[in-house]
Amino acid sequence: MPFVFATFNAYWLFDNQAPLQRWGLRLPAGGIDEKIDIVADAIMRIGPDGGSGPDILALQEVEGLVTLEPLLKKLNQLGSPLKYIYCSETLDPFTGQNVAVLSATPASIAPVTRLDQTAMPYIDARENERMGSLGKFLRVDIEVDETVLSVFNIHLKSRIGGVEETRKLRNIQAQIVRQLSRPRVEQGSMRRPAFTAIAGDMNDSPKSKLLDILNGKLDTSYNLISATEQLPVSEQFTHTHDGEPAQLDHILLSRFTHDRMLAAGFTRVPDEVSDHDAVWCQLDLTIAPPN
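First residue of the sequence shown: 3, per our numbering; consecutive thereafter.
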């Protein structure tokens, strides 16, 4: 059966309570209740033909269950099929941001909610030795049509501090994700395919080295394919800074998954909801692959 998979940066879906009360300053005038309402309305517009909401949704910039549970309740009031919440355990002590997956169907096994002992060394823009890690990561293996879609939801280092100055850490984070996702991407065959999607706010563009790393273009293993790469270039953006549009949010699909993609696109989101647009694709994992 066709279903919609999407990714969306909800832009500081935090309440105004301790211990992360400082981020509540980013809420609209109506507080967390208004924030949940406008985010839920935006989510319900995601998908083809004006949208009716996704069946699997990767979210970034969320506080945790304290805001995800009321969001899910609101979505259900609006007719969303989403039922299950899976949330990371952030390793980012400053922002406290998490990533999450909401799904209409359950996970087949316990999700991976944090990465411990995965740091990698790198040289930063000032030629200093650093250790790079990924604090906002979630893997959920979701049951879909008697098979499993492995979802990797990631939020990579922001561009604050300069695009080039922060890119080296993002590239290291991409290498960590590639190492973790590669064994899953390599699984499956034409007779018994395996399905993988990497999604999230990657804070870099489709032509960047970071996307080449994540897509597997810099190693000898199987590649992933961007769900939106065939769309007109003029449509390929999810964020605008100083008048310059860029696609920072991506859905990357393994070959077996991409072969079963029916459609893909972007859902434009009002600025008062988020500074990012949503990315979606429609999949049917039951169909036969192309000849």
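Beta carbons: idealized from backbone N, C-alpha and C, even for Gly.
Which value, in whole angstroms, describes the spacing of the CA atoms of residue i and residue j?
{"i": "SER210", "j": "THR269", "result": "23 Å"}
{"i": "ALA265", "j": "GLU36", "result": "32 Å"}
{"i": "VAL153", "j": "ASP214", "result": "19 Å"}
{"i": "ASP286", "j": "SER105", "result": "16 Å"}
{"i": "SER54", "j": "HIS243", "result": "29 Å"}
{"i": "SER160", "j": "THR168", "result": "7 Å"}
{"i": "MET122", "j": "VAL6", "result": "34 Å"}
{"i": "LEU182", "j": "LEU117", "result": "10 Å"}
{"i": "VAL101", "j": "ASP94", "result": "11 Å"}
{"i": "GLU188", "j": "VAL179", "result": "14 Å"}
{"i": "LEU27", "j": "PRO195", "result": "46 Å"}
{"i": "ASP39", "j": "LEU61", "result": "16 Å"}
{"i": "SER223", "j": "ASN18", "result": "45 Å"}
{"i": "GLY190", "j": "GLU148", "result": "15 Å"}
{"i": "HIS299", "j": "ASP277", "result": "What is shown of the chain runs 3 to 293, which leaves residue 299 out entirely."}
Less than 8 Å between the C-beta atoms of residue i and residue j, yes or no?
{"i": "ILE174", "j": "GLY134", "result": "yes"}
{"i": "LEU158", "j": "ASN205", "result": "yes"}
{"i": "LYS138", "j": "GLN177", "result": "no"}
{"i": "ASP143", "j": "ALA109", "result": "yes"}
{"i": "ILE48", "j": "VAL103", "result": "no"}
{"i": "GLN238", "j": "GLN249", "result": "yes"}
{"i": "LEU77", "j": "ILE45", "result": "yes"}
{"i": "TYR88", "j": "LEU140", "result": "yes"}
{"i": "GLY202", "j": "ASN130", "result": "no"}
{"i": "PHE16", "j": "GLU65", "result": "yes"}
Pop quiz: residue i and residue j are said to be a contact at Cβ under 8 Å. What is the actual Cβ separation, rounded to whole angstroms?
{"i": "SER228", "j": "LEU212", "result": "That pair is no contact at about 12 Å."}
{"i": "ASP126", "j": "LYS170", "result": "6 Å"}
Could you give the residue range of the beta strand (DSSP E) that holds residue i?
{"i": "LEU216", "result": "Element bounds for LEU216: not the beta strand (DSSP E) but the alpha helix (DSSP H), 211-217."}
{"i": "THR198", "result": "197-203"}
{"i": "THR269", "result": "263-269"}
{"i": "HIS278", "result": "Where HIS278 is concerned, there is no enclosing beta strand (DSSP E), given that its DSSP letter is neither H nor E."}
Just curious, the alpha helix (DSSP H) that residue i is in, first and last residue?
{"i": "PHE7", "result": "Unbroken run through PHE7 is the beta strand (DSSP E), 5-15; no alpha helix (DSSP H)."}
{"i": "HIS260", "result": "257-260"}
> At which residue ranges does the region 117-184 contain complete alpha helix (DSSP H) runs of 4 or more residues, listed in the order of the chain?
Replying inline: None, since the region 117-184 contains no complete alpha helix (DSSP H) of that length.
>> Just to confirm the assignment: which complete beta strand (DSSP E) runs, minimum length 3, are found wholly within the region 32-111?
In response: Counting whole runs of 3 or more residues, the region 32-111 contains the beta strand (DSSP E) stretches 58-64, 86-89 and 100-105.
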